[in-house]
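Undergrad: Per full-length UniProt numbering, numbering through the sequence shown is continuous, rising by one, with the last residue being 122.
The C-beta atom is built at its ideal place from N, Cα and C for all residues, glycine as well.
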Amino acid sequence: MNQKGIKKLKTFGMASLCTCVMAFALQSCLDNDDTKYTQLAIGTIEMIEGQDYYFSLDAGGKMYPGDTTQINNYPLKSGQRAFIYFDLLDEKVPGYDYNAMVYRIENILTKDIVRMPSEESE
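(1) Phe86: buried (16+ other C-beta within 10 angstroms of its C-beta) or exposed?
(2) What's the C-alpha gap between Gln80 and Glu120?
(3) Based on the DSSP output, what are the partners of Asn99 in its beta bridges?
(4) Return the chain-ordered list of same chain residues with a C-beta closer than 8 angstroms to the C-beta of Gly66, the five sequence neighbours on each side being excluded.
(5) With DSSP as the reference, please indicate the residues paired to Asp112 in a beta bridge.
(6) Give me the residue from Tyr64, Glu49, Arg104, Tyr53 with the minimum Cα distance to Thr38.
(7) Which residue marks the beginning of the beta strand (DSSP E) containing Ile6, and which one marks its end?
(8) With DSSP collapsed to three states, give me the class of Ile71.
(9) Please name the residue or residues paired with Gly43 in a DSSP beta bridge.
(10) Out of Ile113, Gly5, Ala41, Ala15, point me to the one whose CA is closest to Asn60's CA.
(11) Where Leu76 and Arg115 are concerned, what is the direct C-alpha to C-alpha distance, given to the nearest angstrom?
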């Protein structure tokens with residue numbers, strides 16, 4: 001091996017060593033076990049009267065949005081299908097299976113079924 005080859009080998013070795021050391025030095029040690037994970041439900045928005053509403057869940061049951069401070073200016077529409085991100089609250093609301101703090105609502109696009117004539121399907 002000539003001088004140039006030895007220099008490249010040393011450079012490669014140092015780069016590999018630095019990469020290994022940095023991989024261990026820059027790791028994070030998050031020990032926070034108190035994290036509360038948001039739950040997800042799929043349901044339909046049902047209007048009560050005025051601006052009051054609840055969610056009719058696909059899994060069964062009715063969920064009342066007891067705390068909606070995290071969502072602003074969401075356009076309410078009865079019958080709208082939605083993904084609901086929430087955490088359950090301890091307080092019970094009469095007439096509902098769940099009382100939730102709603103973090104986010106995402107509309108689910110739904111359309112009517114388009115029928116195709118059998119002659120065109122082949």
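TA: The structure says:
(1) One-based indexing of the sequence shown puts residue 86 at position 86. Flag for Phe86 reads buried.
(2) Reading the sequence shown from its first residue, position 80 is the one you call residue 80. Reading the sequence shown from its first residue, position 120 is the one you call residue 120. Distance between the alpha carbons of Gln80 and Glu120 is about 32 angstroms.
(3) Taking the first residue of the sequence shown as position 1, residue 99 is located at position 99. The partner list for Asn99 (beta bridge, DSSP) reads Tyr64.
(4) Here residue 66 is taken as the residue at index 66 of the sequence shown, counted from 1. Hits under 8 angstroms: Leu89, Glu91, Val93, Asn99, Ala100, Met101.
(5) In the sequence shown, residue 112 corresponds to position 112, counting from 1. According to DSSP, which records beta bridges pairwise, Asp112 is partnered with nothing at all.
(6) Within the sequence shown, the letter at position 38 stands for residue 38. Proximity to Thr38 across Tyr64, Glu49, Arg104, Tyr53 peaks at Arg104, based on C-alpha coordinates.
(7) Locating residue 6 in the sequence shown gives position 6, counting from the first residue. Counting along the chain, Ile6 falls outside any beta strand (DSSP E), though it belongs to the alpha helix (DSSP H) covering 3 to 25.
(8) As a first step, residue 71 is located in the sequence shown; it is residue number 71 there, counting from the start. Here Ile71 sits in coil by DSSP.
(9) Against the sequence shown, residue 43 aligns to sequence position 43. Among the bridge pairs identified by DSSP, Gly43 is matched with Leu57, Ala82.
(10) Against the sequence shown, residue 60 aligns to sequence position 60. Checking the sequence shown, residue 60 turns out to be Gly, not Asn. Residue nearest to Gly60 within the set Ile113, Gly5, Ala41, Ala15 is Ala41 (criterion: CA-CA distance).
(11) If you number the sequence shown from 1, residue 76 lands on position 76. If you number the sequence shown from 1, residue 115 lands on position 115. Whole-angstrom Cα-Cα distance: 30 angstroms.
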